[in-house]
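**Student:**
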Amino acid sequence: MKTYSPTGILAARSGYRINLVGLVSFFVVLFWALVALFAPYIAPHSVGEMVDLDYFGPMRPGLWLGSDYLGRDMLSRVIFGARYTVGISLAAVSIACFTGVVLGMTSAVLRGPVDMVVSRLLDALNSIPSKLFGLMVVAAVGSSIPVLILTLSVIYVPGAYRFSRALAVNIDTMDFVMVARIRGEKLPYLIGSEILPNILGPVLADLGLRFVFIVLLLSGLSFLGLGVQPPYADWGALVRENIGGLPFAAPAVIVPSLAIATLTISVNLLIDNLPQKIRDRSAS
Amino acid sequence: MTKTPDSWTRTDDSMVENAIRRGANRRDLLKMLLAGGMSLPAIDLVLGRANAAVSDEPVKGGALKAAGWSSSTADTLDPAKASLSTDYVRCCAFYNRLTFLDKAGIPKMELAKSIDTDDAKTWTIKLRTGVTFHDGKSLTADDVVFSLKRHLDPAVGSKVAKIAAQMTDIKAADKSTVVITLAGANADLPTILSMHHFMIVADGTTDFSKGNGTGAFICKSFEPGVRSIGVRNPNYWKGGPHVDSFEFFAISDDNARVNALLSGDIHLAAAINPRSTRLVDGQQGFSLSKTTSGNYTNLNIRLDMEPGTRKDFVDGMKYLVNREQIVKSALRGFGEVGNDQPVSPASPFHNAALKPKPFDPEKAKSLFKKAGLLGQSIPVITSDAASSAIDMAMVVQAAGAEIGMKLDVQRVPSDGYWSNYWLKAPVHFGNINPRPTPDILFSLLYASEAPWNESRYKSEKFDKMMLEARATLAWEKRKELYDQMQVMIAEEAGTIIPAYISNVDAITNKLKGLAPNPLGGMMGYAFAEYVWLTA
Amino acid sequence: MTNLVEIRGLTVEATTDSGRWIQILKGIDLDIAAGETVAFIGESGSGKTTAAMTLLGYARPGCRISGGTVKVDGHDMVTLSEKERAALRGTTVAYVPQSAAAAFNPAATIMDQVIEVTRIHRLMPPDEARRRAVALFRALSLPDPDGIGDRYPHQVSGGQLQRLAAAMALIGDPKVVIFDEPTTALDVTTQVEVLRAFKAVTAQRRIACVYVSHDLAVVAQIADRIMVLRNGAVQETGSVHDILTRPTHPYTKELLHAFHPDTGGRAALPVTDDTAPLLEINTLSAGYGPPQSNGQPLVLAVKGVSLQVRRGTNLGIIGESGCGKSTLARSIAGILPACKGDIQFNGKELWHSARQRSHDQLRDLQIVFQHADTALNPAKSIEDILGRPLTFYHGLRGKARDVRVDALLDMVRLPRALRHRRPAELSGGQKQRVNFARALAAEPKLILCDEITSALDTVVAAAIIDLLKELQRELGLSYVFISHDLSVIEAICDEIIVMYRGQTVETIIPAARQQPQHPYSKLLFSSVPKLDPTWLDTLNIDADRMRVA
Amino acid sequence: MKSRVPSLILGRLLIALVTLTIVSFAVFFATTMLPGDTAMILLGQSATPEAVAGLRAAMHLDEPALLRFLYWIGGLFQGDLGTSYANQMPVTTLIADRLANTLKLAGLTTLVTVPLALTLGITAAMWRGTLYDRIVTIATIGVISVPEFVLATLAVLVFAVYLKWLPALSFTYQVDSFSGLLRVYAMPVITLTFVVSAQMIRMSRAAVIETLNTPYVEMALLKGASRPRMVLRHALPNALGPIANAVALSLSYLVGGVIIVETIFNYPGIAKLMVDGVSTRDLPLIQSCAMIFCFGYLLLITTADIVAILSNPRLR
């Protein structure tokens, strides 16, 4: 799929082919991860402190990213928001993909009634629009971060399932799976050692895209009242609560939007351009 | 206004207005203003504004479009079930009440010609004659009796069943006279009857989807959760509304509502976010209509549960709430500082002598220490459901953080807030709509047996005073009682009312005749029949 | 005489993972005259296909023509623009792919694809193109020439598709046609028909041909001259007669030698009649699809087959594709549970389904699949692939396992350094050795070999067979050897069963120099190409008629 | 050869039916588990115990859930979706107009999105590795990274508030001419196009690239075919199955997932109706809407499956 010219190759000394795009993306993701990790140490203000008498204030010394709709320091809010956006999305996407992929591979390997039942159930789940599902969950059990993570995961399990099942079904027809099967291998080995390594690439790419959707859905859910507790807010919620500043081109709405875009785009480009081990046949 | 020249002031505006009134034509004015050093575009702006101010003669015609902020499939044209502003607006357009409140809060007659009583217990209501319903039927006492008695039937599910319950007997004395007997004396009945739920419907009505009333507009279409359209009632007994038709719907998204106004899709955007005012203010051809009625969002501490059982904690919280900052930051100046009691300055009974508690974190700190709660985490439930409650919580939380008082603000979904958290959590936010009389407020919110006693305030003395005031016809005497009761609430109850929130409606300057009303924004929701549109 | 094709100093480079370019064709010179057929021969990876494709001005993705000239009919394919090259493809130079089944678009009718060349180059109106195509179908002796074009590729057999691919190449009246291993995937009986058809048509139209193959016998039937390639360099070029009779280059000699496999070297059967057979099968039936009312599957591929394998002996099963031989192997292995009959192994009755068989039974009966590409997990290292059965069956871990992996690599004559590689980094022969080593790791009593040499070059296949024989001597194994290639089976088996349409038609014991009796067996045996260049022309069998019978 | 198509299609339809049955169970019991008493919510701030009990009895809320489920299923089969708790109107009446609106918006968006997305996806695959391809790929991820309420609000600000070209709201009844239709639907359609096309672009690009790597496409190249011919004649017909699947998944979003667009443009569609239903605990309404969403989803997915079956001559 990738046919980047060899000029994009930076270092071959490590035995891995590293792509410039991948490298830049990696640093962006790393940057946000560090921001999330050290948020309390680098934020100039506390997250709920109102430091500006004005609202939607412009960027200026002291308030480097302006102020939000309550006159709070936007820089601090974005820094703390990184914790929630990165943390929650990562947790949710991991749970969703893990569950979906394991179920997908299991269905592909076992076929028959298991496949039928799991496929139908997840199809049914998938047919309920995600935001409405979120709404029902909030109505039923209320809102907290674990509920949030779980809801987001449940919403994206069917997608991951469908995707990985389709891949796994193809792998399952390969003779090496058959060899393992007639060796007497059990399910965990079949899916973990024979199938998973062969679908990992596409699964990771899918995970990247799902990460974007989860970040966005998180902001959509904050719109429905299922979200991070104030005064904290994830980036989507920051955009949402400051959307009134859009007509004034307030940094309060632009900065978190940019933060979302940089993170999601980088995650995807990073996955598309992961370092590849150089396997040089000529060397053999 | 940002676009006018610096030297131009409101006084100058009025000078131009006066000139126009005296008969100055455009050329005269141009000469005058150019001489004063103004540029042509600026002059256009000023003239436009002045012309608009001057043309206060109502004009007939036009299709009025307005947007509220909430609507759902639960929208109804049944006045008894009306619960949202949207319902009130529609009811006001299609029906009439016996009385209504003018902008000073004084009850005026609408379908009633007169309301008389000797003892505030038995009331005789004479009806107007010559009033007809949209379907042609004439208004009689039977319609009034039916309309009022409905509230007593539990199957109807009336929102004001509790208030209506005091009407123990409602009967028609003759074709145009109704006699109401109350369980106990209540001098406020004419005001109570001005509530939107007491709209008069035709006798025997079961299907309310037609909106058959005596009001200024005839219902042409009503789609719950979508919109309603009314057309001018040609036989309206008051002499007809100014506009030809009236379309009302809700745009729940704040920004979308303002944008719809700015793009010219609607003439009025009700209850806009204080932060959007800057946007409207900056635009030519639009203005804001501000109404400060009794709407407020309050912080409730239940006195019957931890930590509210500790009086020092409740008092401490009252000193921790920075009322000035709430008005400034959370409300952006669209509100008035409150003094912890529900009777707003819009009411003639407001106790202005009762001063709001000052913001005194040190005092709060010492009180919390005394209560033994300093450093502990106290959950505070808030939600979008109560307007500005989250922002207020932020202000209080930040202040608490300064003195080491950890307030654990928990935002919960607005959906289901009123049934699941309000009145139930130990510390939570509430939001109370304007009510026409102190008596209704007190009996609803502060009497020992009040259904919505938010802080579980119990005082026999207070209950006794309430009954006494209710039966008192002399205004001075009642005012005195109510003043005392307001002080009691502020000092003893666990409800912190930091501010009375202004309702801000944004309108296009083409819309004329809108005036504030103590029953709420949009002229107490009844604006449609009073306003007119200029070209 | 000016030649139709003139190749001078042709070099082709390929890129590696690290982005380096390495030469895979190292300076090739060749002339081909009009009407002449030149065969490119060599093992896989020798560059023969790459060389042939340069005639189309084409290098596969990741490759590029880096030097030299390839003049075809006066045009230098190297320096032409892509547009000009496209104009020559299909009209001047045409290509017949190795696997016609893959080269036909499954979503379009055969006729549309055959006449596509005339559409692309606007050679003639569609109606005329269709008439021409039908004439070609007839010339290539395809059945139902008028109707076959309306079918979809999956509706015709492999041999027919191969001929249809030739029709597709010939319709634009090319001056040069490249045949890229066009018969490698076919049964011997089919191969005969296809070769005949090709030879007839190209001779009649005086078309210059490039015939890419690793099969010397096939090439001998069709080519005028042979160019032997190895590692991207020409080893030897000469007339068919010269190459077959006076090979000068060692590699050519090796190739020729591989053609006369060592049928001896096996002692006569250690006949010990007292021992019970290792594997005994009685009236076994198996098939695919949902069970019908009579309890049989929808398609019955094996119909009541009985056979026996004695300890230390090898059984060969031969037949053309679709005869049920692979199904038989799969039902013995328990992959496809048989619907009828019984299997006795090592004195015990075996369950039909592998799921129900015991650990030991699974270990003692191993199967090796034809395609090492799909039989080896591409994501795992050789070490892991070989180590897993050691851990699974024998509980070996750590050092002990490492030692045993090394021993296995030694056993199959692979360098120990390969243990850290992945299958994709190995050659076809190396992969098949790993595939086999994995079966050995279980220390089985019987190995089912399902066409394990079919995908390999002659030289490599011969080496694998030698290895198998050696291992049998050392380890006392038994093999059931399934193949369509008679020479392979003859080389290793003590007994040969001929299968036809799901049934066994004949049992032959090679050691007894027994000749086939059954007409189908006769056809099968006589269809195996011989190195004699006149073999095809003198062969007097009619495969089509035989098949109908 | 016997055609397997009818039996395969029948199989797909059966699977859809099974799923729909599961969904109906799940929907009914999930909604009845929603906390908050319907009667209490309807009465709002004036709920007294007597009033609540009266209302509950009037709405049959006091009967067991299983019985109500059977009533409901029975009603569904007769086309009776029940009566709204919130305003006593038949749910069918409430839904009819809203559903028509939703379908109109979805239909128009489909008309714009599908050709656009497929063109971009296929051309990106055609020239894969080029600058054009990279721009399309990165722009696609970029577009999905913007929350849709930002897109919608930005569109309103630019086109309605500043330029005044288009109305900020979508009044469906103003569609009396083609230009009226454009004015009303332009902005919601543009917003939704951004939202749903990204996924389609990515998937169609991947599907075409997959088939471009097959020997028959190489064969077409060796026959002298041009790039467009290779892609359109050879790669595309074989990529139809996965593309149809991606299109169906994206379009299913248009049925139930457009709450935000409906809110911002005040478009009376069915998603907002269901949100209303949840906040008023109007169970018959929620259930009906959920069933419609699920039905729409299954219809689309099943159609995609059938397209895949039909586009595969091996099954014919």
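Protein chains in written order, with full-length UniProt numbering: chain A, 1 to 284; chain B, 1 to 535; chain C, 1 to 549; chain D, 1 to 316.
Just so it is clear, CB atoms sit at the ideal spot from N, CA and C, and this is done for glycine as well.
1. Bridge partners for Trp21 of chain C per DSSP, in chain order?
2. Give, in chain order, every unbroken run of the alpha helix (DSSP H) that is at least 4 residues long and sits entirely within the stretch 337-400 of chain B.
3. Nearest to Ala330 of chain B by alpha carbon, out of B:Pro498, B:Gly494, B:Leu444, B:Gly61?
4. Taking CB distances under 7 Å as the criterion, tell me whether Met33 of chain D reaches chain C.
5. Sorry if obvious, but does the Cβ on Arg257 of chain B come closer than 6 Å to a heavy atom of the ligand HEM?
6. Does the Cβ of Gly11 of chain D have 16 or more other Cβ atoms within 10 Å, making it buried, or fewer, making it exposed?
7. Taking buried to mean at least 16 other C-beta atoms within 10 Å of its own C-beta, is Thr102 of chain D buried or exposed?
8. Considering only their Cβ atoms, is the gap separating Asp187 of chain C from Thr49 of chain C smaller than 7 Å?
9. Beta-carbon within less than 6 Å of Ala371 of chain B's beta-carbon, same chain only, minus the 5 sequence neighbours each way: which residues are those?
10. Strictly below 9 Å CB to CB, what residues from chain C border Pro202 of chain A?
11. Just reading off the beta strand (DSSP E) that Gly90 of chain C is part of, what are its end residues?
12. Across which residues does DSSP place Cys449 of chain C in a beta bridge pair?
13. Using 8 Å as the Cβ pair cut-off and three pairs as the minimum, do the stretch 318-326 of chain C and the stretch 290-298 of chain C touch?
14. Does the beta carbon of Val239 of chain A come closer than 7 Å to any beta carbon on chain D?
15. By how many angstroms is the C-alpha of His196 of chain B removed from the C-alpha of Leu423 of chain B?
16. Could you pull the start and end residues of the beta strand (DSSP E) that Tyr288 of chain C belongs to?
17. Starting from the beta carbon of Ala244 of chain D, find every residue of chain A whose beta carbon is closer than 8 Å, and list them in chain order.
18. I need the DSSP call for Ala164 of chain B, collapsed to helix, strand or coil.
19. With burial defined as no fewer than 16 other Cβ atoms inside 10 Å of the residue's Cβ, what is the status of Ala268 of chain C: buried or exposed?
20. Along chain B, which residues have their Cβ under 7 Å away from the Cβ of Pro268 of chain D?
21. Report the residues of the stretch 183-194 of chain D with a CB closer than 9 Å to any CB of chain C, ordered along the chain.
22. With C-beta atoms as the reference, is Leu299 of chain B less than 7 Å away from Phe442 of chain B?
23. Three-state secondary structure (DSSP) at Ala354 of chain C?
24. In the stretch 250-261 of chain B, which residues sit with their C-beta less than 7 Å from some C-beta in chain D, listed in chain order?
25. Decide if Glu128 of chain C is buried, meaning its Cβ has at least 16 other Cβ atoms within 10 Å, or exposed.
26. Please report the straight-line C-alpha distance between Gly287 of chain C and Ala333 of chain C, rounded to a whole angstrom.
27. What residues of chain D sit near Asp265 of chain B, judged by a beta carbon separation below 7 Å?
28. Find out if the Cβ-Cβ distance for the pair Met200 of chain D, Ala117 of chain D is shorter than 7 Å.
29. Just checking, does the stretch 142-149 of chain C make contact with the stretch 246-260 of chain D on the three C-beta pairs under 8 Å criterion?
30. From the DSSP output, in three-state form, read off Leu186 of chain C for me.
31. Whose C-alpha, out of A:Gly192, A:Met50, A:Tyr69, A:Val114, is nearest the C-alpha of Ala252 of chain A?
32. Kindly indicate the opening and closing residues of the beta strand (DSSP E) around Trp123 of chain B.
33. Grab the span of the alpha helix (DSSP H) containing His241 of chain C for me, first residue to last.
34. Within the chosen definition, does the stretch 239-249 of chain A reach the stretch 68-86 of chain A through at least 3 CB pairs nearer than 8 Å?
35. Taking Leu262 of chain B as part of the alpha helix (DSSP H), name the residues at either end of that continuous run.
36. How would you list, in chain order, the residues of chain D whose beta-carbon sits under 7 Å from the beta-carbon of Thr76 of chain B?
**Tutor:** In short:
1. C:Thr15
2. 361-371
3. B:Pro498
4. no
5. The ligand content of the structure shown is nil, which means the ligand HEM is not present either.
6. exposed
7. buried
8. no
9. Arg310, Asp312, Phe313
10. In chain order: nothing, as chain C lies at least about 13 Å away.
11. It is not in any beta strand (DSSP E) - Gly90 of chain C carries neither H nor E in the DSSP assignment.
12. C:Val368, C:Phe481
13. no
14. yes
15. 25 Å
16. 279-291
17. Under the 8 Å cutoff, chain A gives no residues; its nearest Cβ is about 14 Å from Ala244 of chain D.
18. helix
19. Caution applies to Ala268 of chain C, whose pLDDT of 46 falls short of 50 and renders its modelled position unreliable; the model cannot decide the point.
20. Val226
21. none
22. no
23. helix
24. Ile251, Ser252, Asp253, Asn255, Ala256, Asn259, Ala260
25. exposed
26. 14 Å
27. Pro167, Ala168, Leu169
28. yes
29. no
30. coil
31. A:Tyr69
32. 122-127
33. 240-245
34. yes
35. 254-262
36. Asn87
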